[in-house]
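Asker:
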Amino acid sequence: MYLTFNFSTSNYSNLSDADSLRLQELTHRSVKISIIIILGVMITLGNIAVLLVITSSVAGWSRNSRYFLLSLTAADSAFGLLVMPLNLWVSLLKDYSEGPDTLCHVVAFCNATIYSTCMYTLATISLERYIAVFYPLQYSTLMTRKRTLLLIAFAWCFPLFLLSPITFPDGIIEVHFSTASLVCNPSYSTNVAYTLSLTCLIFFPCSIVMTYANLSVWCAAKRQRLKLRKYGCALRNRHNVAARVLVPVMAAYYTCWTPCMAVMIYSAVSGSTVPEWIEFVVVWLPTSNGFLNCIFYFWINKNFRRKFHLILQRLALAICPELADTFGWSSTSSAQFVSGILDNNNMVHERTSSVSSTCTLLSLA
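For the record, in the sequence shown the residue sitting at position 355 is 357 according to the working numbering, with numbers rising by one throughout.
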């Protein structure tokens with residue numbers, strides 16, 4: 003009788019432990035899904051606002067700049083419109099179907115392709131800005147419309163070719179669904195050479211291009227600021243614009259992408275996994291760069307904010323004139339607003355192209 007009682011108590015204890023673990027897993031899962039949904043909504047709304055503005059002309063941005071920025075916006079929007087819904091969908095299916103399958107391979111391919119395209123696009127924007135700043139007279143020759151579109155096509159097509167092996171269930175690398183990050187991920191340790199090749203062909207080249215280009219622009223702006231100060235003609239309110247823009251851009255890039263790449267290399271080489279929440283953070287952290295890009299590449303630009311304000315006025319006047327009158331928005335004030343923008347833009351010609359508020363490079367005779 004005593005032995006039977008102990009056995010029953012042991013079973014009850016085991017069941018309780020299993021139930022508590024299951025409850026903890028469900029709680030963590032709910033929190034993770036909420037974070038993913040909030041992040042997806044922020045990215046989607048931010049990039050929709052960006053699209054409303056850059057589909058029309060913005061003062062200070064060239065045609066090529068708009069092409070690159072449209073490409074960046076499309077890549078960032080894919081985080082919220084493609085990557086997040088696909089992985090949430092698979093995470094629901096995986097409650098009933100365990101193990102890798104064709105769908106998981108396709109989702110992993112989409113994830114990796116969008117991530118890679120975003121990095122290549124950021125690198126091409128930095129390259130275009132570098133040419134605009136240091137070769138202004140040769141810019142129209144070096145950055146023709148055809149070359150611009152070829153660079154954009156490369157940023158989108160090369161990852162498709164590079165990552166295509168992930169789509170095949172019996173390919174060169176295995177894919178698994180991670181309950182920690184709620185995504186379909188390649189099992190990097192199953193093909194270390196391929197994993198390291200991806201980092202050498204995607205992350206490191208893009209990081210080198212971005213770092214060199216942005217650091218060069220920042221140094222040029224600093225030298226010019228010192229020269230202007232020497233001649234007593236520095237602009238007070240623009241004395242450190244380059245630092246306010248370029249430093250956050252690079253800080254956000256390395257903060258969002260480096261942990262993910264580090265864990266990727268660590269998992270491939272050691273064959274070990276990282277703790278649950280660390281994996282979740284490092285896997286989803288790069289998607290937050292899709293929202294930060296909206297801030298650093300667009301909202302920090304005064305001309306962009308003014309154009310967005312003007313578009314809001316036009317929408318309010320078209321949809322709800324009463325609301326527009328409440329805020330004091332009228333056709334007359336909108337016309338004056340546009341006139342003010344054009345007048346202010348005649349002050350200087352800014353050569354950072356893709357981010358016109360980055361710095362003002364003036365040539366001194």
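Ideal Cβ placement from N, Cα and C applies to all residues, glycine included.
(1) Following the continuous alpha helix (DSSP H) through N89, name the residue where it begins and the one where it ends.
(2) Within a Cβ cutoff of 6 Å, which residues of the same chain sit near V52, ignoring the five residues on either side of it in sequence?
(3) Label C112 either buried or exposed according to how many other C-beta atoms from any shown protein chain fall within 10 Å of its C-beta, with 16 as the threshold for buried.
(4) Tell me whether the beta-carbon of I369 lies closer than 9 Å to the beta-carbon of L90.
(5) What are the boundary residues of the beta strand (DSSP E) that N295 is part of?
(6) Counting C-beta neighbours from all protein chains within 10 Å, is the total for V33 16 or more, i.e. buried, or is it exposed?
(7) Where does P87 land, buried or exposed, given buried means 16+ other C-beta within 10 angstroms?
(8) Helix, strand or coil: which one does DSSP assign to P171?
(9) By the three-class DSSP mapping on this structure, what secondary structure does N193 have?
(10) Spatial neighbours of C322 within its chain, please: C-beta separation below 7 Å, excluding the five flanking residues on both sides.
(11) Have a look at L47, S290, F163, T289 and flag the residue whose alpha-carbon is nearest the alpha-carbon of L203.
(12) Assess contact between the region 209-223 and the region 285-296, defined as three or more Cβ pairs (one per stretch) separated by less than 8 Å. Is contact present?
(13) Where do the N-terminal and C-terminal ends of the beta strand (DSSP E) with Y179 fall, by residue?
(14) Would you give the residue range spanned by the beta strand (DSSP E) that P161 belongs to?
(15) According to DSSP, simplified to helix, strand and coil, what is P250?
(16) If H107 sits next to I174, beta carbons under 8 Å apart, how far is it from one beta carbon to the other, in whole angstroms?
(17) Got a sec, what are the start and stop residues for the beta strand (DSSP E) C322 sits in?
(18) Taking the alpha-carbon of N49 as reference, which of S79, S22, I56 has the nearest alpha-carbon?
(19) Counting along the chain, where does the beta strand (DSSP E) carrying N187 start and finish?
(20) Just the C-alpha distance for V271 and P261, rounded to the nearest angstrom, thanks.
(21) So the candidates are R31, A182, N66; which of them puts its Cα closest to the Cα of I280?
(22) Between the alpha carbons of A110 and A134, how many angstroms are there, rounded?
(23) Return the residue from the list I154, L23, P188 that minimises the CA-CA distance to D103.
(24) For L317 and S128, I'd like the C-alpha separation in whole angstroms.
(25) Kindly give me the distance between the Cβ atoms of V55 and F310, rounded to whole angstroms, as I take these residues to be in contact under 8 Å.
(26) Between V85, Q26, H30, which has its C-alpha nearest I45's C-alpha?
(27) Are the region 141-155 and the region 245-255 touching, with three or more C-beta to C-beta distances below 8 Å?
(28) When the distance is taken between beta carbons, is S191 closer than 9 Å to S269?
(29) Among the residues of its own chain, which have a CB less than 6 Å from the CB of E278, if the five just before and after it don't count?
(30) Might you give, ordered along the chain, the residues of its own chain that have their beta carbon closer than 8 Å to the beta carbon of Y196, omitting 5 neighbours on each side?
Answerer: The answer reads as follows:
(1) Counting from one through the sequence shown, the residue named residue 89 turns up at place 87. Counting along the chain, the alpha helix (DSSP H) containing N89 begins and ends at 86-95.
(2) Position 50 of the sequence shown holds residue 52. If we look at V52 and ignore the five residues flanking it on each side, its Cβ neighbours are T75, C296, F300.
(3) Within the sequence shown, residue 112 is the residue found at index 110, counting from 1. Per the 10 Å Cβ criterion, buried.
(4) What is shown of the chain runs 3 to 367, which leaves residue 369 out entirely.
(5) Translated into the one-based positions of the sequence shown, residue 295 becomes position 293. Element bounds for N295: not the beta strand (DSSP E) but the alpha helix (DSSP H), 278-296.
(6) The sequence position of residue 33 within the sequence shown is 31, counting from 1. Label assigned to V33: exposed.
(7) Translated into the one-based positions of the sequence shown, residue 87 becomes position 85. Exposed.
(8) Along the sequence shown, read from residue 1 onward, the residue named residue 171 stands at position 169. Of the three classes helix, strand and coil, the one that applies to P171 here is coil, per DSSP.
(9) Taking the sequence shown and counting its residues from 1, one reaches residue 193 at position 191. In the structure shown, N193 sits in coil (DSSP, three-state: anything other than H, G, I, E or B).
(10) Residue mapping note: residue 322 aligns to position 320 of the sequence shown, counting from 1. Excluding positions up to five away in sequence, the list is empty.
(11) Taking the sequence shown and counting its residues from 1, one reaches residue 203 at position 201. Of L47, S290, F163, T289, the smallest CA-CA separation from L203 is found for F163.
(12) no
(13) Reading the sequence shown from its first residue, position 177 is the one you call residue 179. Tyr is not the amino acid found at residue 179; the sequence shown has Phe there. That run of the beta strand (DSSP E) goes 177-180.
(14) Translated into positions along the sequence shown, residue 161 becomes position 159. Segment 147-165 is the alpha helix (DSSP H) holding P161; no beta strand (DSSP E) there.
(15) Locating residue 250 in the sequence shown gives position 248, where the first residue counts as 1. Note: P250 maps to helix in three-state DSSP.
(16) In the sequence shown, residue 107 corresponds to position 105, counting from 1. In the sequence shown, residue 174 corresponds to position 172, counting from 1. With 8 Å as the limit, H107 and I174 do not qualify as a contact, their Cβ atoms being about 12 Å apart.
(17) Your numbering for residue 322 matches position 320 in the sequence shown. Counting along the chain, C322 falls outside any beta strand (DSSP E), and DSSP gives it neither H nor E.
(18) Locating residue 49 in the sequence shown gives position 47, counting from the first residue. Among S79, S22, I56, the Cα nearest to that of N49 is on S79.
(19) Counting from 1 along the sequence shown, the entry for residue 187 is found at position 185. 185-188 is the extent of the beta strand (DSSP E) around N187.
(20) One-based indexing of the sequence shown puts residue 271 at position 269. One-based indexing of the sequence shown puts residue 261 at position 259. Looking at the two C-alpha atoms, the distance is approximately 15 Å.
(21) Position 278 of the sequence shown, counted from the start, is the residue given in the question as residue 280. It is A182 whose Cα lies nearest to the Cα of I280.
(22) The count along the sequence shown starts at 1 and reaches residue 110 at position 108. The count along the sequence shown starts at 1 and reaches residue 134 at position 132. Distance between the alpha carbons of A110 and A134: 36 Å.
(23) Here the question's residue 103 lines up with position 101 in the sequence shown. Cα-wise, what sits closest to D103 is P188.
(24) If you number the sequence shown from 1, residue 317 lands on position 315. If you number the sequence shown from 1, residue 128 lands on position 126. Each residue's Cα considered, the two are about 33 Å apart.
(25) Locating residue 55 in the sequence shown gives position 53, counting from the first residue. Locating residue 310 in the sequence shown gives position 308, counting from the first residue. Right, their Cβ atoms sit about 5 Å apart.
(26) For the purposes of this step, residue 45 is taken as residue 43 along the sequence shown, with counting starting at 1. Per the Cα distances, V85.
(27) no
(28) To locate residue 269, count along the sequence shown from 1; it is residue 267. To locate residue 191, count along the sequence shown from 1; it is residue 189. Cβ atoms of S269 and S191: closer than 9 Å.
(29) Sequence index remark: in the sequence shown, residue 278 carries index 276 (1-based). The residues are A182.
(30) Along the sequence shown, read from residue 1 onward, the residue named residue 196 stands at position 194. Around Y196: P167, I174, I175.
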